[in-house]
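Before any comments, here is the structure.
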Ligand SMILES: [Zn+2]
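In the working numbering, the protein residues as written are 33 to 330.
Quick look at the structure:
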């Protein structure tokens, strides 16, 4: 384990313990999340060393990287995933993309990239999980590399860069944002989706809130934290939108961690999903997860 002595966003060194959560997916161990006294950013501290982090991703339950059809939960997950992939690909056409170059970081098994490729995008993926990466290459013939390939990509070479639920896993925030800024075309768009630590259902579930997902989630961002991180790096957040399916999924998983029955989990999932979406219509800061559209500062 490694103790972080400076805030990953503002670099100050005074923190307050916030909450202790259990890793229900892999290790069953407890991990502490602290809040920076200066900028209010929450992060897992201490965290596993970069060498040890990989061992916390080894589970059959880690369904974001598999294609299992087993059980109603995975079936539902896949149906929603296919719908959201379609929406994401349609949204790509809104952006300024003269050469239609797209980079997806944390592309998993490559379904989003493949859907974009079918719509004539020139796609590249980065994925640290070797099994997921090999499936993306084998199933769709995609150009997918390990995450360290990020440093080797050509400057200003991508019209659109997407990171769907990735930034919360990344240990070196400023270094990563600087690399993204460098490879993003001058009029390009960076799309970042992360869980929102101010989500209304996070307050209800407390330490059981599934989007804390310690220790895989190192960073627990509020909208203010994301805007601050990007501002320091001379990038602008142009829009902030809620992801409407996330609260249903997160609430069902949180109920599972609370040992609720699958039926009660489904009821809670529907209740919190609807409730969070109504609240985020009033104020986006209540959303379960947020999608940020980011551009170079003009
Ligand atoms: Zn801070």
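Just so it is clear, CB atoms sit at the ideal spot from N, CA and C, and this is done for glycine as well.
None of the values given here were measured: they were computed from a predicted structure.
Any non-hydrogen atom of ligand 1 closer than 8 Å to residue 251 Cβ: As a working note, residue 251 is residue 219 in the chain shown. Answer for residue 251: no, Cβ out of range of ligand 1.
Environment of residue 187 [buried if 16+ CB atoms lie within 10 Å]: Reading the chain shown from its first residue, position 155 is the one you call residue 187. Looking at its Cβ environment, which holds fewer than 16 other Cβ atoms inside 10 Å, residue 187 is exposed.
Nearest residue (CA-CA) to residue 35, options 200, 251 and 77: If you number the chain shown from 1, residue 35 lands on position 3. When each option's Cα is compared against that of residue 35, the closest is 77.
Spatial neighbours of residue 308 in its chain, beta-carbon cut-off 6 Å, leaving aside the 5 residues before and after: On the chain shown, position 276 is the one that residue 308 refers to. Scanning its chain for C-beta atoms nearer than 6 Å, with the 5 sequence neighbours on each side dropped, one finds around residue 308 the residues 232, 233, 279 and 320, in chain order.
For residue 84, the three-state DSSP class (helix, strand or coil): Numbered from 1 along the chain shown, position 52 holds the residue referred to as residue 84. Note: residue 84 maps to helix in three-state DSSP.
Span of the alpha helix (DSSP H) around residue 219: The residue given as residue 219 occupies position 187 in the chain shown. DSSP places residue 219 in no alpha helix (DSSP H) but in the uninterrupted beta strand (DSSP E) bounded by 216-227.
Cβ-based neighbour list, residue 74, same chain, cut-off 6 Å, excluding 5 preceding and 5 following: Counting from one through the chain shown, the residue named residue 74 turns up at place 42. The residues are 50, 65, 67, 229 and 252.
Opening and closing residue of the beta strand (DSSP E) in which residue 294 lies: Within the chain shown, the letter at position 262 stands for residue 294. No beta strand (DSSP E) holds residue 294; the alpha helix (DSSP H) holding it covers 294-314.
Three-way DSSP call (helix, strand, coil) for residue 320 in this model: Counted from its first residue, the chain shown places residue 320 at position 288. Three-state DSSP puts residue 320 in coil, outside helix and strand.
Beta carbon proximity, residue 315 to chain B, threshold 9 Å: Looking for chain B here will not work: only one protein chain is present.
For residue 60 and residue 208, the rounded distance between their alpha carbons: Counted from its first residue, the chain shown places residue 208 at position 176. Counted from its first residue, the chain shown places residue 60 at position 28. If I take the Cα positions, the gap works out to 29 Å.
Residue 199 burial status per 10 Å Cβ neighbour count (16 or more: buried): Looking up residue 199 in the chain shown gives position 167. Looking at its Cβ environment, which holds 16 or more other Cβ atoms inside 10 Å, residue 199 is buried.
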